[in-house]
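Chains as they are written, first to last, in the numbering used here: chain V, 1 to 447; chain X, 1001 to 1399. Don't be surprised by glycine CBs; every beta carbon is placed ideally from N, CA and C. Being a predicted model, the structure only gives us computed values, none of them experimental.
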Amino acid sequence: MLAIPGAVFVAVMVIGLWLRRMGYRAFDAWAKDRKWSWHETAVQATAKASALWTGLVALYLSVRVSAAPPEWKRLVGLVLLSLLVVSIAVVAIRFTLRIIEAYMAKAKASPRSIATTRNIATGVITVVTALVLLDIWGIPTSPFILLLAVVIVALVLAFRNVVPNLFAGLQLTAMGQLREGDYIKLGTGEEGYLTDISLVQSRIQALDGSFILVPNDKLMHTTVTNYGRPLKKAAEPFRFYSRTHLKELTGLKAGNLWELLELLKTVPESTIYYHTHHFLEEHQYLTPEPANDFALWVSDVIGDEVLGEKLASVDTFSFSSLAALRERLVGIIEEHLATESERRNAPQGREFYFMKSVSLVTPTSYLAHDLREFVQALHKISLGSLYYHVFEARLRLGRPTNDFSVWMNEYVDEADLAEQVAHLDPYNHTLEGLRSTLVQLIEKRIK
Amino acid sequence: MGRSTIEELRLLGAKLSGRSIQHINSTATGGGVAEILARMVPLLSQLGVSSGWSVFKGTEDFFKVTKKFHNALHGWEKENARVTQEDLSLFLEVSEKNIAELELYGDIIFVHDPQPVALVKRKGEVGRSWLWRCHIDVSRPNPEVWDFVRGFVVNYDAAVFSAPAFAQQLPVRQFLISPSIDPLSDKNKELPQSTIDSVLERLGIPQDKPLVTQVSRFDYLKDPVGVIEAFDLVKKSIDCRLVLAGGGATDDPEGERVLAEVRERADGVPDVHLLLLPGGSDIEINALQRASAVVLQKSLKEGFGLTVSEALWKAKPVVASAVGGIPLQVKNRFTGLLSHGVEGTAYAIRQLLANPDYARRLGEQGKEHVRQNFLITRHLREYMLLFLAVGHREEVIYL
C-alpha cells in the first residue's frame, strides 16, 4: 500500500535534487557570464529552501498516488501548498532584506533608514503571503483586500505629505549623491553639514550649531550644491570677534596748518588711527578709496590742494605702526610749511576737531574649524567684525598682518593662501568689496 | 537692516543685562529729544536693557528761563538770550524741587539737555554712572551761561555731544553720538501716493507747483523769516510754493510770538503756506516732506537738525545751513547743498529746482548716507556702547 507512494517519493526526490543541482550550475554560469553581483546572495537565500521545496513536491505527488481518501489527499495537498508558500515568502523576505541592506549600506544610509525600509519590505511580503494562504484555503479574500485598500488609502491620505518625502528619501538614498557628513547648500539658502538622511526628512547642522530639518521632497526638488566632505581641520578654530566703536571728543582743535602740525605731534595714537580710518566705515558708499581726514580738511577747508594731495597719497597699508604713520604725516606737513609763509585760517566752525576711537570688542557666535566654515562665516559676519580682523588687528593691535592671514598660516597650514590674504590691500576696497574679494580667494582655494 | 546688525545689538543688550538706565529730560512731547526717547526707551527694553524715562517738572517761568539758556548756549545774543541773576535763582529753585522730588532709580542716569542738569547733585547718593547728553549747539556758547551749566557738567562721568564742533574743554570724557531717525515711524515710513495727495488736499496745499518745505518749530533759531526771504528771491525766477510747517513743545514758550512775526513777514508774499501742526502730526509731516521738490533747514543754530535726516531718508534734495550738526548730514554737493545766508539758500534752491537730475542724485546719496549713519539702530548701538564704556579708561575694551 505504501510501495507506490514510497517509490514516487524517492523518484521525485532523486530527480528533483538532480534538477536542483543542474539548475544551480546553469545559474552559476549565467551569473558569472553577466557578473551579476547578487548571485551569491540568491544562492545563500535559496540553497536550503530549494531542497525543502523538492521534498514538499515529492511528498505531494506521493500522497496523490496513494490510496488515501480524497478528502485526506485534498487536506494534505493544501497543507503542503501552504508550507511551500510560507517557505517561498521566507526566502523572498531574506533575499529582499539582504538586497536592501547591501544597497543602503553602499549609499551610506543611516541605520534608522535601513531598519525602516526592512520593516516596510517585510510587512508587504507578509501581507501578500497571508492573502495567498487565505485564497489557498478557500477563505474569501475580497473583504480583506478591500479592508487593506481602505487602510492603505487612509494611510496615504493621513500621510499624504509624508509619502512624497518617503519616496524622495528612498531616491536620495539610492542615488547616493548626498552622504552624511557632506557640506551642502540649498537653493533656498540653508546650508551646513548633512548629519542625517532619514526616510522622511534630512537634518543639516548649520555653522552656528543650530539644526535645520529639511523634508526630503524639498531636498529632491531644489538646487543642492554639495561641497563634499569636511576640509582639513585647523589646529585651532578661528573665533570671529566683532568690533564697534565710540567716537571720543578730545576738545582739541586746529584752526590752521601750524596748529594742526603741533597737535598732530602730541595727540594719542588712537586719534591718528581715528582720522585715518573712520571714513572707511562711515562714507564707503561715496568712494572706494577714501582719503584721510587731514587731507580732506587741508584741501576743502584750508584750500591747500597741493598739501591735501600729498597727505591723501600716504599709503596707510605700507605702515606697520601708528607711530610710523604719524611720523610720515608730520614730515609731509613740516616739509610743506618750510616753504609756506601765508597763514590761512579755517572759517569759524570749520576748524579741525581732533577725535579718537574707543573700540569695544565682543566675541561673536561664529567659529570656523576649517576654510569652508571660515568662508561661510565670512559671508555672515558684520562689517564691524571684518573691520576688526583686517584693519584694527594690524595697525592698532600691532599684529604682523591681518588676523585671517595669521590663522591660515599658523593653524590651517595654508601658507600660500595666507600670503595672498596678507598682501591684499584693504584700503583699496569698500568693506563689502573686501569681503567679496576674500570670499573669492578662499573659495577658489577650497574648490 | 541686516541680520548681523540685529545680532550685534542683541549681543550688546545681553552685556548690559542687570543694569538699569534712567533717561531724564524736560518734556514728554514735542521736539527731537522726546521723539528719540519715545522710540529709544522701548527698543532698549526689547533688547533686554532695563530702561525708563522720567520727566523733570518745570513751571512756565522755569521754561522761559531755560529757553534763554537754550538761546544763550547756541550763542544767540539778542534779548531772549540774556540770562539774569533772577533767572539763575529760579532755575536753581525749580531744580532743587526736582532734586528733592524726582524718583531716581537707574544704575546709569542719563540726563538730557540743560534743564535737568542740576540733578547731578544727587550723584553720590544714587546711580553708578551719570551721563549728560547735550542736544544743543554749544560750539560758541555765551560764556556766562556755559560756565553756569559747566559747573554741573563737570560732576558727570561723561558728556555726550552731537557734533565735533560742540566739544568743550572739560575734565570729563566727551563722546560724539549723533541723534537718529526711526525709519519705521509714522514720520518716516513709506506712504502711498494716495495718502500724500489726501493729506495735502486736507491741508489746503495745491500740488500745481514745486513745493519747497521747511519743517521746524516756530523758533528764531530756525530762521523762518529768513526762509520766507529766500523763497521771495527764488520766486522771482521759478514759480513754486513754500510750506513752513511746525508745531510747539511744552518747554518752548516762544512759539506763538515767532509765528506772529512769521505771519507778518509772509503777508503779501504769494504761495506761502504756514501750518501750525498739532502734536502727533507725523503722517502729515511725512506727506509734506515726500511731496516736496526741495526741503530746507535754514537754521541759524542747530543742535543736530533731525528734520534734515528725515528729508534725506525720503531721498529729497536738501538745502540746509552749515551750522551745528547739519554738516554731518549734508556733505556739501554729495548729499545736499549747504548754505550760509539768505542769498546762498535762494541760490541753492534755484539750482535744485532747475536741475532735477542733479537734485535726484543728491537725494539718493543722501538717503544712503542716512542709512549708514543716522538710523536708530546705529544710535541704539552707540548708546549701549556708551553705557558699557563709561566705566573703562582703555581705548580697546574687550567685553
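Of all the CB atoms in chain X, is at least one closer than 9 Å to the CB of residue i?
i	result
G189 (chain V)	no
E305 (chain V)	no
Q376 (chain V)	no
R229 (chain V)	no
L249 (chain V)	yes
Y465 (chain V)	Residue 465 (chain V) lies beyond the residue range present for chain V, which begins at 1 and ends at 447; the question has no answer from this structure.
V116 (chain V)	Reading off the sequence shown, one finds Thr at residue 116 (chain V), where the question assumed Val. Chain X contact via Cβ: absent.
V439 (chain V)	no
L383 (chain V)	yes
H389 (chain V)	no
L360 (chain V)	yes
Quick check: is the beta carbon of residue i nearer than 9 Å to any beta carbon in chain V?
i	result
S1004 (chain X)	yes
Y1156 (chain X)	no
Y1358 (chain X)	no
K1015 (chain X)	yes
S1026 (chain X)	no
Q1329 (chain X)	no
I1177 (chain X)	yes
E1394 (chain X)	yes
S1309 (chain X)	no
S1139 (chain X)	yes
Q1046 (chain X)	no
Go ahead and pull the three-state DSSP assignment for residue i.
i	result
A1167 (chain X)	coil
V267 (chain V)	coil
W1130 (chain X)	strand
N428 (chain V)	helix
G1246 (chain X)	strand
N1025 (chain X)	strand
K247 (chain V)	strand
H1273 (chain X)	strand
F1062 (chain X)	helix
S242 (chain V)	strand
V314 (chain V)	coil
V1055 (chain X)	strand
R1140 (chain X)	coil
Q440 (chain V)	helix
F374 (chain V)	helix
L450 (chain V)	Because chain V is modelled from 1 through 447, residue 450 (chain V) falls outside the range shown and cannot be assessed.
F1304 (chain X)	coil
A234 (chain V)	coil
W36 (chain V)	coil
Per DSSP, residue i forms a beta bridge with which residues?
i	result
S1020 (chain X)	X:S1050
S202 (chain V)	V:I197, V:V214
A254 (chain V)	V:F352
R1173 (chain X)	X:A1158
N409 (chain V)	Paired residues: none, contrary to the question.
L1296 (chain X)	X:Q1214, X:V1319
F319 (chain V)	Answer is none; F319 (chain V) lacks a bridge partner.
R1241 (chain X)	X:L1211
I1181 (chain X)	X:L1375
T225 (chain V)	V:K185
Am I right that residue i and residue j are in contact with their C-beta atoms under 8 Å? What's the rounded C-beta distance?
i	j	result
T1195 (chain X)	A1287 (chain X)	6 Å
Y273 (chain V)	M355 (chain V)	That belief does not hold up - the Cβ atoms of Y273 (chain V) and M355 (chain V) are roughly 10 Å apart, past 8 Å.
F1161 (chain X)	L1176 (chain X)	6 Å
A442 (chain V)	F374 (chain V)	Residue identity check: residue 442 (chain V) is Ile in the sequence provided, not Ala. Right, the Cβ-Cβ distance comes to about 7 Å (below 8 Å), so this counts as a contact.
L231 (chain V)	I446 (chain V)	6 Å
F1069 (chain X)	V1083 (chain X)	6 Å
V1318 (chain X)	G1303 (chain X)	No, V1318 (chain X) and G1303 (chain X) are not in contact; Cβ-Cβ is about 17 Å, not under 8 Å.
F352 (chain V)	W297 (chain V)	5 Å
L1012 (chain X)	R1381 (chain X)	6 Å
| field | Complete runs of the alpha helix (DSSP H) confined to the stretch 336-372 of chain V [at least 4 residues] | value | The stretch 336-372 of chain V contains no whole alpha helix (DSSP H) run of 4 or more residues.
| field | Contained alpha helix (DSSP H) runs [length at least 4] in the stretch 1070-1111 of chain X, N- to C-terminal order | value | Segments of the alpha helix (DSSP H) lying fully in the stretch 1070-1111 of chain X: 1085-1101.
| said: Could you tell me which whole beta strand (DSSP E) segments of length 3 or greater appear in the stretch 160-194 of chain V? | reply: With a minimum length of 3 residues, the unbroken runs of beta strand (DSSP E) contained wholly in the stretch 160-194 of chain V fall at 183-186.
| request: Counting only runs of 3+ residues fully inside the stretch 1317-1398 of chain X, write out the beta strand (DSSP E) ranges in chain order. | output: Runs found: 1318-1321, 1337-1339, 1396-1398.
| Which runs of the alpha helix (DSSP H) spanning at least 4 residues fall entirely within the stretch 69-121 of chain V, listed in chain order? | 70-106, all fully within the stretch 69-121 of chain V.
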